[in-house]
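In terms of the working numbering, the sequence shown is numbered consecutively and its last residue is 155.
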Amino acid sequence: SKTSKTPRRPFEKERLDAELKLVGEYGLRCKREIWRVQFALAKLRKAARTLLTLDPSDPKRIFEGAALLRRMNRYGLLADDELELDTVLQLTTQKLLERRLQTKVYKQGLAKSIHHARVLIRQRHIRVGSQLVNVPSFNVRTASEKHIDFSTNSPYGQGAPGRVARK
């Protein structure tokens, strides 16, 4: 299935400026990375919107709504006190971009800049828990946020300096 959707109007000044700002702020590689996040957000909001049209006592709304909110909470998009379907509609692209591993590595001070964070992740220096992650767009769950660290065989971490043969 498709992961992103190109903008309807290719040369809209406001949108182009806003995208450039996001690319710079979050150290993204290309505009498609923004469109991917916007597409995911649109899907979440669409799901919430369709559930909101149902009757509040409808079992489908109760069950699927709870599942959606639980997932949003697990990924830190909604706080415990704002678990309402209405709050899902107020989510922004920035909120989703804040949850990326690249942003987290930079904000936790493991990298000198947002671009350095991306390089560290791609060069296999970062792990989440015991799992080595080399995808900058990895969405970090709230539970695993405190387990972001340098990988065991990384010279940046506690590992032996120098090269390590990869299997």
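Where is the CB? At the ideal position from N, CA and C, for every residue including glycine.
* **the region 56 to 67 / the region 118 to 126 touching (three or more Cβ pairs under 8 Å)** => no
* Taking only the alpha-carbon atoms, compute the straight-line gap between Q90 and L40 and give it to the nearest angstrom. => Walking along the sequence shown from the start, residue 90 turns up at place 102. Walking along the sequence shown from the start, residue 40 turns up at place 52. Near 33 Å, if we compare the C-alpha coordinates of L40 and Q90.
* Asked: Just checking my contact of V76 with L56 at CB under 8 Å: how many whole Å lie between their CB atoms?
  -> Counting from one through the sequence shown, the residue named residue 76 turns up at place 88. Counting from one through the sequence shown, the residue named residue 56 turns up at place 68. With 8 Å as the limit, V76 and L56 qualify as a contact, their Cβ atoms being about 7 Å apart.
* Chain-order list of residues whose beta-carbon lies under 8 Å from that of F27 (same chain, five-residue window excluded) -> To locate residue 27, count along the sequence shown from 1; it is residue 39. The answer, listed in chain order, is K(-10), T(-9), S(-8), K(-7).
* To do: From the DSSP output, in three-state form, read off V121 for me.
  => Walking along the sequence shown from the start, residue 121 turns up at place 133. Here V121 sits in coil by DSSP.
* Do R33 and L79 come within 8 Å of each other at the CB atom, strictly closer than that value? -> In the sequence shown, residue 79 corresponds to position 91, counting from 1. In the sequence shown, residue 33 corresponds to position 45, counting from 1. Yes, the pair counts as a contact, with Cβ atoms nearer than the cut-off.
* Asked: How long is the line joining the alpha carbons of L71 and G53, rounded to whole angstroms?
  -> Numbered from its first residue, the sequence shown carries residue 71 at position 83. Numbered from its first residue, the sequence shown carries residue 53 at position 65. Cα to Cα, L71 sits roughly 10 Å from G53.
* Asked: Cβ atoms of V116 and A105: under 8 Å apart, would you say?
  -> Locating residue 105 in the sequence shown gives position 117, where the first residue counts as 1. Locating residue 116 in the sequence shown gives position 128, where the first residue counts as 1. For A105 and V116, no; Cβs fall outside 8 Å.
* Asked: Would F(-1) be called buried (16 or more neighbouring beta carbons within 10 Å of its own) or exposed?
  -> Walking along the sequence shown from the start, residue -1 turns up at place 11. F(-1) comes out exposed.
* Beta-ladder partner(s) of I50, from DSSP -> Taking the first residue of the sequence shown as 1, we reach residue 50 at position 62. DSSP, once it has assigned bridges, lists no residue as partnering I50.
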